[in-house]
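K.L.:
Can you read through this structure? Questions will come right after.
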Amino acid sequence: MDTRTKQSFGWLPEQMPKVSQLIKDHRAKHGADWLAECWKRGVVQGEPGWFFACEGVLAIGAVWDDARVLALQSQAYSPGRALLVLRPTEQREINQAL
Numbered sequence: 027m028d029t030r031t032k033q034s035f036g037w038l039p040e041q042m043p044k045v046s047q048l049i050k051d052h053r054a055k056h057g058a059d060w061l062a063e064c065w066k067r068g069v070v071q072g073e074p075g076w077f078f079a080c081e082g083v084l085a086i087g088a089v090w091d092d093a094r095v096l097a098l099q100s101q102a103y104s105p106g107r108a109l110l111v112l113r114p115t116e117q118r119e120i121n122q123a124l
């Protein structure tokens, strides 16, 4: 039985407005289903390589084990900067086969 409590991320739009906008843009471009899958795997389940976002000193998701993404992460922690990294949609077919 899963004893974890469900987390609320209702604070995100107010505290991370740039990330919130990046999420909306991605949802419009690639669809809500893929974004939901990336959120579930990267934020809820904490799997690296699915979802990571940061704005200023706040971050959500799992840190990626990829030198390019790690370099972007370190730059995005600056005030006024935001970063959203999701698993590429091209990997959708690969994931469905697993």
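Residues in the sequence shown are numbered consecutively from 27, following our numbering.
Don't be surprised by glycine CBs; every beta carbon is placed ideally from N, CA and C.
(1) Under the DSSP definition of a beta bridge, which residues are partnered with GLU81?
(2) Grouping DSSP H, G and I as helix and E and B as strand, with all else coil, what is VAL45?
(3) Using 8 Å as the threshold, is the segment 77-90 in touch with the segment 42-62, meaning 3 or more CB pairs across them?
(4) With distance defined between alpha-carbon atoms, name the residue in GLY75, ARG53 and LYS55 nearest to ILE86.
(5) Do VAL95 and VAL111 have their C-beta atoms closer together than 8 Å?
(6) Would you mind reading off the limits of the alpha helix (DSSP H) that contains TRP60?
(7) In this structure, does DSSP put ASP92 in helix, strand or coil?
(8) Run the CB neighbour count on ARG67, radius 10 Å, all protein chains shown included, and call it buried at 16 or more, exposed below.
P.N.:
Concretely, from the data shown:
(1) LEU84 and ALA108
(2) helix
(3) Taking 8 Å as the limit for Cβ pairs, the verdict is that the segment 42-62 does touch the segment 77-90.
(4) GLY75
(5) yes
(6) 58-65
(7) coil
(8) Burial state of ARG67 is buried, judged by a 10 Å Cβ sphere holding 16 or more other Cβ atoms.
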